[in-house]
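Listed in order, the protein sequences are those of chains A and B. Start counting the first sequence at 617; every next residue gets the next number (the working numbering). Start counting the second sequence at 569; every next residue gets the next number (the working numbering). Beta carbons are placed, not taken as given, at the ideal position from N, Cα and C, and that holds for glycine. Every value quoted in this text rests on a predicted model; they were computed, and no experiment measured them.
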Amino acid sequence: MFTSWSLIRFGTILIYLFMFAPVAVVVLLSFNANQFGSFPMEGLSLRWFVALLENKAIVRAFQTSLLLGALTAVISTTLGVLGSLAMVRYDFPGKSLIATALIAPILVPEVVLAVALLLFLGAMGMPKSFPLLLAGHVIFTLPFVVLVVQARLVAVKREYEEAAMSLGAGPIETFFQITLPLILPAVLAGGLFAFTISFDDITGTLFWKPGGVETVPTQIFAMLRNSISPEINALGTVMIVITVALPLLSAGVARQLTRKQK
Amino acid sequence: MTDHAVELKSVVKRYGDFTAVHDTNLGIPEGSFLTLLGPSGCGKTTTLRMIAGLTGITEGDILIKGRRVNDLPIHKRNLGIVFQNYALFPHRTVQQNVAFGLKYRNTPKDEAERRVREALELVQLPQMADRMPSQLSGGQQQRIALARAIVIQPDVLLLDEPLSALDANLREDMRIELKRIQHTLGITTVFVTHDQSEALAMSDRIVVMSAGHVEQVGSPEEVYNRPASEFVAGFLGNSNILSGKVMDIAGPVAKLELDGLGPVLAATDGVGRTLSTGETVKVSIRAEKLMLDGADPAGDDISTFPGTVTTVDYQGQVARYFLESGGLTLQAINTIDERPLQEGTETAIRIRARDCVVLPH
Ligand SMILES: Nc1ncnc2c1ncn2[C@@H]1O[C@H](COP(=O)(O)OP(=O)(O)OP(=O)(O)O)[C@@H](O)[C@H]1O
Ligand SMILES: [Mg+2]
């Protein structure tokens, strides 16, 4: 018994090491003063972060990624909230079909989705463009928003809305006064999900992006093809900070919001 | 018919093939307290929600203050609704909850504040204005929900089992409280419950429903003492339902031959038509109207049968007896004089003619 448990513990530690050691190495090396990423490090420096800021391509990629992520988050959240409302609050023919269609993009491998959208655009005779890239990101972030918001909406009793309407609030006022505040934590979480997924995505983006447009992941990918520059370590560190800190921050905000409601 | 605050005309509600409410006609007098009473699933909530506009109606018309409201959405109906789970907005304070409806009535700020204060005083919780709903007990939430519904001076107040989530003691207090508030404001009220004692205690009129049908509409006394159907007799209190044959009719009293028991005098004023001799009828006798030894009433309208006590259910002030008589099992509830009758006692069972009610069908 004892030995088998220690074996499992040992294995688990190894797996975590295997997963996180490279990340730690990247973060460490991004502060390395030396040009060549090797241990032992020869002094700390922020020079690679400065280099990042001076690299126009990277700055532009960052701007693209932020814009794309923000727009994806806003559009996905809006559509996701509307879709969830329709799914949870209304009955209409073909509802289960639409419910499946809304979730489908997570079930289909991303490559398949990417190729399918590309073929579809080709058949329609549409060139690749930023709005289409955005549309692609919206399609595969939407399911996450829908799942999160729907789960919350189911828990918000219909009576709150009915009470508001009986007191004279129309359907739209009821939504903004009652429903939205009550599902707000889920809406924020969904939006954040959408942002992080979009910010992080490479597969779909590689297929859909028009020539000349790079997001941070595709930029790193392109840079890797030439050489492994220490700038990439710094860029990786920034990515890690954004994709880890943002969800933590919003989880905190959401917790505050829910506490206020209780 | 403008003295009716609410009127239902041939209202039908169907869900697919299932008819939840059958052809219902109902008038609710201005300022009265009307209760929809019936067992679970009989269509009480559905009826209430149709009046509210929360559920569409399949056929018929609903009028509020003489105006047809079939196509009027709920937020334009000026109704106050209290839900079973209160549905106080969890993200708003008590003050904001109560003031919510006033926003949509363009009430000036100081008047709104005054009315909220008055409403909170009426439900006796003026000091709770700044609390969040989650900081209130069930009974307090109940009162705030009521305050929120009445502060808008609704044309009709709709209450769907508002007391059922409270514990027994509180429920009885709130029952009196609710009736007091309704009386003070003179507001037309529709109350839904499956609890007969609530219905009897609070209502001006009771609508007894069963399986989507209205069985009887009447004052609590009428519904209790002159049940219009076997269902009503059985649903309110403990009744003995017996069948028999009409032998002779003399004005409001008929002589019947009850199966198993023999001849008895019975009241026919609840039937609403003239009976004919030889007709088979059903009668309802309330358990507390069967008098056993110890209670010896006088009068010439009393019928007497012999019976044997088979089971005694001692309840302190009263005892419930099960009796065997003529092959039938009867139930009697009598106050206990000194001590209850013992099992196996042979006793006389006496019934007044007016307590032996012939049912219409
Ligand atoms: N949306 C719906 N779809 C189908 N059937 C429904 C729907 N709502 C209610 N019903 C049916 O209509 C009937 C009446 O329901 P209703 O809720 O009015 O009962 P109720 O008298 O309020 O019962 P309870 O005391 O349990 O609340 C029930 O048989 C119920 O199953
Ligand atoms: Mg109900």
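Which value, in whole angstroms, describes the spacing of the CA atoms of residue i and residue j?
{"i": "residue 841 of chain B", "j": "residue 927 of chain B", "result": "11 angstroms"}
{"i": "residue 829 of chain A", "j": "residue 680 of chain A", "result": "8 angstroms"}
{"i": "residue 740 of chain B", "j": "residue 766 of chain B", "result": "8 angstroms"}
{"i": "residue 746 of chain A", "j": "residue 855 of chain A", "result": "22 angstroms"}
{"i": "residue 702 of chain A", "j": "residue 770 of chain A", "result": "12 angstroms"}
{"i": "residue 688 of chain B", "j": "residue 676 of chain B", "result": "18 angstroms"}
{"i": "residue 627 of chain B", "j": "residue 721 of chain B", "result": "29 angstroms"}
{"i": "residue 767 of chain A", "j": "residue 809 of chain A", "result": "15 angstroms"}
{"i": "residue 718 of chain B", "j": "residue 880 of chain B", "result": "48 angstroms"}
{"i": "residue 901 of chain B", "j": "residue 653 of chain B", "result": "36 angstroms"}
{"i": "residue 745 of chain B", "j": "residue 735 of chain B", "result": "15 angstroms"}
{"i": "residue 572 of chain B", "j": "residue 757 of chain B", "result": "12 angstroms"}
{"i": "residue 569 of chain B", "j": "residue 645 of chain B", "result": "Confidence is the limiting factor: at residue 569 of chain B the pLDDT is only 47, short of 50, which leaves the residue's position unreliable, though a coordinate-based value still follows. Cα to Cα, the separation comes out at about 19 angstroms."}
{"i": "residue 868 of chain A", "j": "residue 860 of chain A", "result": "13 angstroms"}
{"i": "residue 666 of chain A", "j": "residue 795 of chain A", "result": "46 angstroms"}
{"i": "residue 792 of chain A", "j": "residue 832 of chain A", "result": "36 angstroms"}
{"i": "residue 847 of chain B", "j": "residue 813 of chain B", "result": "6 angstroms"}
{"i": "residue 705 of chain B", "j": "residue 682 of chain A", "result": "48 angstroms"}
{"i": "residue 695 of chain A", "j": "residue 674 of chain B", "result": "33 angstroms"}
{"i": "residue 929 of chain B", "j": "residue 849 of chain B", "result": "7 angstroms"}
{"i": "residue 634 of chain B", "j": "residue 623 of chain B", "result": "20 angstroms"}
{"i": "residue 662 of chain A", "j": "residue 645 of chain A", "result": "11 angstroms"}
{"i": "residue 678 of chain A", "j": "residue 776 of chain A", "result": "43 angstroms"}
{"i": "residue 696 of chain B", "j": "residue 698 of chain A", "result": "36 angstroms"}
{"i": "residue 753 of chain B", "j": "residue 607 of chain B", "result": "30 angstroms"}
{"i": "residue 804 of chain A", "j": "residue 866 of chain A", "result": "7 angstroms"}
{"i": "residue 850 of chain A", "j": "residue 664 of chain A", "result": "6 angstroms"}
{"i": "residue 626 of chain A", "j": "residue 633 of chain A", "result": "11 angstroms"}
{"i": "residue 709 of chain A", "j": "residue 586 of chain B", "result": "19 angstroms"}
Assuming the contact rule is C-beta atoms closer than 8 angstroms, residue i and residue j should be a hit. Round their C-beta distance to whole Å, please.
{"i": "residue 858 of chain A", "j": "residue 837 of chain A", "result": "So it is not a contact: roughly 17 angstroms between Cβ atoms."}
{"i": "residue 774 of chain B", "j": "residue 605 of chain B", "result": "5 angstroms"}
{"i": "residue 632 of chain B", "j": "residue 723 of chain B", "result": "6 angstroms"}
{"i": "residue 590 of chain B", "j": "residue 574 of chain B", "result": "Their Cβ separation, rounded to whole angstroms, is 18 angstroms, which puts residue 590 of chain B and residue 574 of chain B out of contact at 8 angstroms."}
{"i": "residue 642 of chain A", "j": "residue 807 of chain A", "result": "With 8 angstroms as the limit, residue 642 of chain A and residue 807 of chain A do not qualify as a contact, their Cβ atoms being about 28 angstroms apart."}
{"i": "residue 650 of chain B", "j": "residue 713 of chain B", "result": "5 angstroms"}
{"i": "residue 799 of chain B", "j": "residue 783 of chain B", "result": "5 angstroms"}
{"i": "residue 730 of chain A", "j": "residue 820 of chain A", "result": "4 angstroms"}
{"i": "residue 890 of chain A", "j": "residue 684 of chain A", "result": "Summary: the structure shown does not reach residue 890 of chain A, with chain A confined to residues 617 through 878, and so no result is reported for it."}
{"i": "residue 610 of chain B", "j": "residue 818 of chain B", "result": "In fact, because the Cβ distance is near 38 angstroms, the residues do not count as touching under 8 angstroms."}
{"i": "residue 912 of chain B", "j": "residue 898 of chain B", "result": "Wrong, their Cβ atoms sit about 16 angstroms apart, outside the cutoff."}
{"i": "residue 744 of chain A", "j": "residue 824 of chain A", "result": "6 angstroms"}
Does any residue of chain A have a CB that is nearer than 7 angstroms to the CB of residue i?
{"i": "residue 569 of chain B", "result": "Low local confidence applies: a pLDDT of 47 at residue 569 of chain B is under 50, so the model's placement there is unreliable, and no value is given."}
{"i": "residue 619 of chain B", "result": "no"}
{"i": "residue 651 of chain B", "result": "yes"}
{"i": "residue 896 of chain B", "result": "no"}
{"i": "residue 668 of chain B", "result": "yes"}
{"i": "residue 769 of chain B", "result": "no"}
{"i": "residue 622 of chain B", "result": "yes"}
Tell me which residues share the same chain as residue i and place their Cβ nearer than 6 angstroms to its Cβ, disregarding the 5 neighbours each side in the sequence.
{"i": "residue 660 of chain A", "result": "647"}
{"i": "residue 658 of chain B", "result": "701"}
{"i": "residue 688 of chain A", "result": "753, 754, 757, 810, 814"}
Is the Cβ-Cβ distance between residue i and residue j less than 7 angstroms?
{"i": "residue 713 of chain A", "j": "residue 762 of chain A", "result": "no"}
{"i": "residue 925 of chain B", "j": "residue 903 of chain B", "result": "no"}
{"i": "residue 667 of chain B", "j": "residue 691 of chain B", "result": "no"}
{"i": "residue 890 of chain B", "j": "residue 917 of chain B", "result": "no"}
{"i": "residue 716 of chain B", "j": "residue 665 of chain B", "result": "yes"}
{"i": "residue 833 of chain B", "j": "residue 810 of chain B", "result": "no"}
{"i": "residue 782 of chain A", "j": "residue 670 of chain B", "result": "no"}
{"i": "residue 829 of chain B", "j": "residue 836 of chain B", "result": "no"}
{"i": "residue 779 of chain A", "j": "residue 655 of chain B", "result": "yes"}
{"i": "residue 920 of chain B", "j": "residue 870 of chain B", "result": "yes"}
{"i": "residue 748 of chain B", "j": "residue 769 of chain B", "result": "no"}
Using beta carbons (cut-off 7 angstroms, strictly below), is residue i in contact with chain B?
{"i": "residue 782 of chain A", "result": "yes"}
{"i": "residue 632 of chain A", "result": "no"}
{"i": "residue 786 of chain A", "result": "yes"}
{"i": "residue 797 of chain A", "result": "yes"}
{"i": "residue 779 of chain A", "result": "yes"}
Comparing the CB of residue i with every heavy atom of ligand 4, is any distance shorter than 6 angstroms?
{"i": "residue 613 of chain B", "result": "Annotation note on ligand 4: not contained in the displayed structure, which lists ligand 1 and ligand 2 as its ligands."}
So, for residue i: in the same chain, excluding its five sequence neighbours on each side, which residues have a beta-carbon less than 8 angstroms away from its beta-carbon?
{"i": "residue 641 of chain B", "result": "621"}
{"i": "residue 694 of chain B", "result": "685, 688"}
Counting only the same chain and skipping the five closest in sequence on each side, list residues whose C-beta sits under 7 angstroms from that of residue i.
{"i": "residue 800 of chain A", "result": "873"}
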